[in-house]
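Participant: Here it is, the structure, as structure tokens.
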Amino acid sequence: MREFEYYKVKNLKEAINLSKKFGKNKRFLAGGTDLIVRLKDNLIKEENIIDIKNIEELKGIKEVEDEIHIGALVTFSEIIESDILKKYSPLIVEASKKVGSPQIRNKGTIGGNICNASPAGDSIPPLFCEDAKFFLESTNGSRIVNIEDFFKGPGKTILKEDEILTKIIVKKWKKNESGFFNKLGQRNALTIAIASS
Numbered sequence: 002m003r004e005f006e007y008y009k010v011k012n013l014k015e016a017i018n019l020s021k022k023f024g025k026n027k028r029f030l031a032g033g034t035d036l037i038v039r040l041k042d043n044l045i046k047e048e049n050i051i052d053i054k055n056i057e058e059l060k061g062i063k064e065v066e067d068e069i070h071i072g073a074l075v076t077f078s079e080i081i082e083s084d085i086l087k088k089y090s091p092l093i094v095e096a097s098k099k100v101g102s103p104q105i106r107n108k109g110t111i112g113g114n115i116c117n118a119s120p121a122g123d124s125i126p127p128l129f130c131e132d133a134k135f136f137l138e139s140t141n142g143s144r145i146v147n148i149e150d151f152f153k154g155p156g157k158t159i160l161k162e163d164e165i166l167t168k169i170i171v172k173k174w175k176k177n178e179s180g181f182f183n184k185l186g187q188r189n190a191l192t193i194a195i196a197s198s
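What follows is the structure, given as structure tokens:
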């Protein structure tokens, strides 16, 4: 594993300032389920790791009028256990149950899954169905981006060098709405999706 500088931040402002300072030469550490593996395999070229997992502003699931706001650091286990999401956004709950092993679900975050922009990201298809919006913050302020405008291709997003995804916004389901999530892989469990719907 190659050497890198590690920074543990306490709040969002600190993370954004470091993000601006390092530009493209940084990676954020949240759950670490993907980043740690890639670091061990020497697949990360960035020299600065910013640990954001203790930032309280990026946690929690909240009802805000007819929307649900999901913090970028919310884990898949927290999504599965959320009474708010079970009631108002069950498709995201079902997709989260298909993510990796229990250990991965306990550590992996929805924000990390989104920002990796992997075609096999389990949270992404249901978020498209939900017409999700992403709340991004930077040194220049904040902006809300529709999910269809966020991804530029496999592993690529529109995030600017100093931007951080802070929360995911979805509309509450109405009583007559329903959905179904399924994932096709090479095994029944612990598989990377070939296709999800």
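Numbers 2 to 198, taken from this note's numbering, label the letters of the sequence shown in order.
Backbone N, C-alpha and C define an ideal beta-carbon position, used for all residues, glycine too.
Treat the numbers as computed from the prediction; the structure is a model and nothing was measured.
1) Do residue 136 and residue 167 have their C-beta atoms within less than 7 Å of each other?
2) Among 22, 87, 17 and 13, which residue has its Cα nearest to the Cα of residue 59?
3) With 16 as the cutoff for other CB atoms within 10 Å, does residue 127 come out buried or exposed?
4) How far does the beta strand (DSSP E) with residue 171 in it reach, from first residue to last?
5) With H, G and I counted as helix, E and B as strand and the rest as coil, what does DSSP make of residue 144?
6) Could you give the distance in angstroms between the alpha-carbon of residue 76 and the alpha-carbon of residue 33?
7) Between residue 62 and the rest of its own chain, which residues show a CB-CB distance below 8 Å, the 5 nearest in sequence each way excluded?
8) Quick one: what's got a C-beta closer than 8 Å to residue 178's C-beta in the same chain, skipping five residues either side?
9) May I ask you to verify whether the stretch 43-56 touches the stretch 140-160, counting CB pairs closer than 8 Å and requiring at least 3?
10) Compute the Euclidean distance between the alpha carbons of residue 116 and residue 156, then round it to the nearest angstrom.
11) Could you give the C-beta distance for residue 165 and residue 16, rounded to a whole number, given that I count them as a contact under 8 Å?
12) Give me the Cα-Cα distance between residue 124 and residue 31, rounded to the nearest whole angstrom.
Facilitator: Checking against the coordinates, here is how it stands:
1) Start at 1 with the first residue of the sequence shown, and residue 136 comes out as number 135. Start at 1 with the first residue of the sequence shown, and residue 167 comes out as number 166. The answer is yes: Cβ separation under 7 Å.
2) For the purposes of this step, residue 59 is taken as residue 58 along the sequence shown, with counting starting at 1. It is 13.
3) On the sequence shown, position 126 is the one that residue 127 refers to. So residue 127 counts as buried.
4) For the purposes of this step, residue 171 is taken as residue 170 along the sequence shown, with counting starting at 1. Segment 165-172, the beta strand (DSSP E) holding residue 171.
5) Numbered from its first residue, the sequence shown carries residue 144 at position 143. The answer is strand: DSSP assigns residue 144 an E or B state.
6) By one-based count along the sequence shown, residue 76 stands at place 75. By one-based count along the sequence shown, residue 33 stands at place 32. Taking the straight line joining both Cα atoms gives about 11 Å.
7) Along the sequence shown, read from residue 1 onward, the residue named residue 62 stands at position 61. For residue 62, where only same-chain residues beyond five positions count, the Cβ hits under 8 Å are 69, 70, 71, 72, 75, 79, 80, 83, 85 and 86.
8) Translated into positions along the sequence shown, residue 178 becomes position 177. Cβ neighbours of residue 178 beyond the five flanking positions: none.
9) no
10) Mapped onto the sequence shown, residue 116 falls at position 115. Mapped onto the sequence shown, residue 156 falls at position 155. Taking the straight line joining both Cα atoms gives about 8 Å.
11) Here residue 165 refers to the residue found at position 164 when the sequence shown is read from its first residue. Here residue 16 refers to the residue found at position 15 when the sequence shown is read from its first residue. Confirmed, about 6 Å.
12) On the sequence shown, position 123 is the one that residue 124 refers to. On the sequence shown, position 30 is the one that residue 31 refers to. Taking the straight line joining both Cα atoms gives about 16 Å.
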